[in-house]
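Here is the structure we will look at.
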Amino acid sequence: MKPTRVSSKSRVAVVIGIDLAKDHCDVVGYGANNKICLIKCGCSYPKLMEMLANMPSAVVLMEACKGSMFRARAIANLGHDARLYYVSGTIYVFIKNEHQQTLQFLQNEYKSLQDMRINVGNQIHAGLEEFGYLARKSSVFIKNR
């Protein structure tokens with residue numbers, strides 16, 4: 440594939456910033472002279488991937504969020520230097536492979552289920568106390584009643 444020139448003055452983007460949204464993204468590219476040479480607003484993800492596939496290798500920056508790991512891996516597979524960062528500071532985030540991301544997802548879901556179980560138990564205990572049943576903080580007490 441031929442590299443795509445990204446501005447009317449034929450400058451190539453060396454750093455690309457992508458603002459991710461649910462179904463589209465906004466893209467801005469900077470040339471070697473630190474001037475904006477690419478602006479794409481409301482770009483769909485298939486169009487973004489097509490555009491990046493036709494561009495020379497660049498540093499691609501995205502905010503670390505739920506969908507960013509998948510996007511960063513796909514962009515890195517195109518030969519770009521994909522980097523994720525937190526907006527609160529310039530702290531870069533390691534891009535997880537699919538296995539690492541799956542483990543993190545499962546751990547988060549398990550923790551969420553534990554929290555829900557604890558919350559339901561607390562609600563039941565509070566409800567029982569309203570009727571005068573003083574209960575110890577234990578699911579065994581609830582099961583026995």
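Residues 440 to 584 (the working numbering) are what the sequence shown spells out, left to right. Where is the CB? At the ideal position from N, CA and C, for every residue including glycine. Just so we're clear, the structure is a prediction, and the values are computed from it rather than from any experiment.
Linking residue 507 to residue 457 through their CA atoms gives a straight-line distance of about 10 Å. Following the DSSP letters along the chain, one finds residue 555 inside the alpha helix (DSSP H) bounded by residues 537-569.
Comparing alpha carbon positions, the residue from 453, 521, 462 closest to residue 477 is 453. Here DSSP, grouped into helix, strand and coil, assigns residue 471 to coil.
When C-alpha distances from residue 483 are compared across 475, 498, 510, 582, the shortest belongs to 510. When secondary structure is reduced to three states using DSSP, residue 453 falls in the coil class, being assigned neither helix nor strand. About 13 Å separates the beta carbons of residue 466 and residue 502, which is beyond the 8 Å limit, so they are not a contact pair. Ranked by Cα distance from residue 494, the options 516, 524, 451 are led by 451.
Sequence-distant partners of residue 480 (beyond 5 residues in either direction) whose C-beta falls short of 7 Å from its own C-beta, in its chain, are 465. Distance from the CA of residue 579 to the CA of residue 567, rounded to the nearest whole angstrom, comes to 14 Å. With respect to the C-alpha of residue 532, the residue from 500, 460, 459, 461 having the closest C-alpha is 500.
Nearest to residue 516 by C-alpha distance, out of 462, 546, 496, is 496.
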